[in-house]
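Notes to accompany the following structure.
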Amino acid sequence: MPTYPGPSVARPGDVVGTLRLLGYLGLALVLIVLDQRGGWLTQARTQANALVQPLWAVAGLPGRLMERLNEDAGTLAQLTERNRELRRQLLLNQARMARLQALAADNARLRGLLDAAERGNLDVLLVPILDVDLDPSRQRLVLDAGSRVGLRVGQSVIDAGGLLGQITGTTPMHAEVLLVTDPDHAVPVVVVRTGVRLVAYGTGRSDRLALRHVPMSSDLKVGDVLVTSGLGNRFPPGFPVGTVVALRPDESRAFLVGDVRPAAQLDRGRDVLVQLSVPDAPPVRALTFDPALPPVATPPATAAVPASPVAPAQAGAPAGASPAAPAGARAARPQTRPASTTPSPPSAPPPAP
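Using the numbering used here, the first residue of the sequence shown is number 1, and each one after it goes up by one.
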């Protein structure tokens, strides 16, 4: 069993270290006391802080960079989400704006229709359009209303611009309108400037009417406004029909033909005005045959024939002369030669044997 050697003896190096530590502690205490009482180390400390400040900035740079990157990443995500939300709101606002513009246009169009009805003091009904057929051979409208609300054949259909057409067929729920541009349609019109009466024919195009067989002396000019004349008792007079946009001679060079731009907007709009009152057709008179000659006035049988002032002359006339005719007969049958008022000379006696 080994024996205990006893406490170790301090080596010379350990003693020197201990003394150095004690010296540092003593120096620190002296500096603390001097700093508290004299304050002469304040300036030295300030200069030392100025020298050490760059080191502190460099030491804290990685932390600040990480913090800045985190902030930037969060800000970018927020900005991206905000941008996406703003885009959604922009699209929604654009859709709302388009809807408001459409409503404003509809409002203006309806105001125009109502103003047209009020200006003309018309008994009209606002009816929506259900279907449009603008085929070149067939120009029709289908209205979303029918005989249940008072629509019937013959009623005129207008818009804010002018005449659209006329109802040609009805059902309880719908009505069919023949447009003025239909090839089978014709409208009696009158020129506002001159009062000349013409007929506007449909062409199968929604932007054109045609004038045919216009006399050269009609004084028709480009820009003249045409309105319904009321002839035929189909359309009330005074409805705008269109404006003359072109004139040219026909093939025979004896008449003019013209192009008319319709006043109504036939290819747009969603509502029309139907005139509820239909003009009554004029009474048809029976045709009577007018003879070429007036009827013969026959005198009564009991009436005496007055003596003619030429009776003596007739008495002295030759035996072969015809008797005088009554006055009524002379009126009915004109004579080819007037009767003579001088007596005829006597006949010569026969020669003696």
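Just so it is clear, CB atoms sit at the ideal spot from N, CA and C, and this is done for glycine as well. Only a predicted model underlies this, so the values are computations on that prediction, with no experimental measurement involved.
Sequence-distant residues of its chain with Cβ nearer than 8 angstroms to residue i (five each side left out)
i      : result
Val192 : Asp224, Val225, Leu226 and Val227
Pro136 : Pro183, Gly204 and Arg205
Val124 : Ala117, Ile158, Leu273, Val274, Gln275 and Leu276
Nearest candidate by alpha-carbon position, reference residue i, set the options
i      : options                          : result
Asp182 : Val189, Gly204, Leu69 and Pro188 : Gly204
Arg261 : Arg270, Ala246 and Gly242        : Gly242
Gly146 : Gly169, Asp259 and Leu100        : Gly169
Val190 : Ser229, Val153, Glu81 and Ala160 : Ser229
Gln139 : Arg37, Asp207, Leu65 and Arg88   : Asp207
Val187 : Glu85, Pro237, Val58 and Arg37   : Pro237
Anticipated Cβ contact below 8 angstroms, residue i with residue j, distance rounded
i      : j      : result
Gly150 : Val157 : With 8 angstroms as the limit, Gly150 and Val157 do not qualify as a contact, their Cβ atoms being about 14 angstroms apart.
Asp259 : Ala210 : 7 angstroms
Arg253 : Leu231 : No, Arg253 and Leu231 are not in contact; Cβ-Cβ is about 28 angstroms, not under 8 angstroms.
Arg148 : Met173 : 7 angstroms
Leu163 : Met216 : Wrong, their Cβ atoms sit about 27 angstroms apart, outside the cutoff.
Cut-off 6 angstroms between Cβ atoms - residues of its own chain near residue i, not counting five sequence neighbours on either side
i      : result
Gln155 : Ile167, Val274, Gln275 and Val278
Asp271 : Leu126 and Pro128
Val245 : Asp259 and Arg261
Ala219 : Inspection of the sequence shows that residue 219 is occupied by Asp rather than by Ala. Correct list, in chain order: Thr194.
Ala250 : According to the sequence as given, residue 250 is Asp; it is not Ala. Cβ neighbours of Asp250 beyond the five flanking positions: Val257.
Identity of the residues DSSP links to residue i by a beta bridge
i      : result
Glu71  : For Glu71, which the question treats as bridged, DSSP gives no partner whatsoever.
Leu179 : Gly165
Arg197 : Val190
Ile129 : Leu143
Gly390 : Because the chain spans 1 through 353 in this model, residue 390 falls outside it and cannot be assessed.
Ser156 : Gln166
Leu134 : Gln139
Span separating the alpha-carbon of residue i from that of residue j
i      : j      : result
Val142 : Gly202 : 18 angstroms
Gln101 : Ala264 : 22 angstroms
Leu178 : His185 : 8 angstroms
Val16  : Leu22  : 10 angstroms
Asp133 : Pro240 : 22 angstroms
Phe235 : Gln94  : 44 angstroms
Leu90  : Ala104 : 20 angstroms
Met66  : Asn49  : 26 angstroms
Thr171 : Val180 : 21 angstroms
Thr18  : Pro54  : 35 angstroms
Val33  : Arg20  : 20 angstroms
Val52  : Asp14  : 34 angstroms
Ala59  : Leu27  : 30 angstroms
Gly74  : Asn83  : 14 angstroms
Asp72  : Glu81  : 14 angstroms
Arg268 : Arg248 : 29 angstroms
Asp35  : Ala57  : 27 angstroms
Residue-level contact to chain C via CB, residue i, 8 angstroms cutoff
i      : result
Asp271 : No chain C is part of this structure, which consists of one protein chain only.
Contact set for residue i: own chain, Cβ-Cβ below 7 angstroms, skip 5 residues either direction
i      : result
Leu122 : Gln275
Residue i: CB within 7 angstroms of a non-hydrogen atom of the ligand FMN
i      : result
Leu122 : As presented, the structure is devoid of all ligands, the ligand FMN included, so that no description of it is given.
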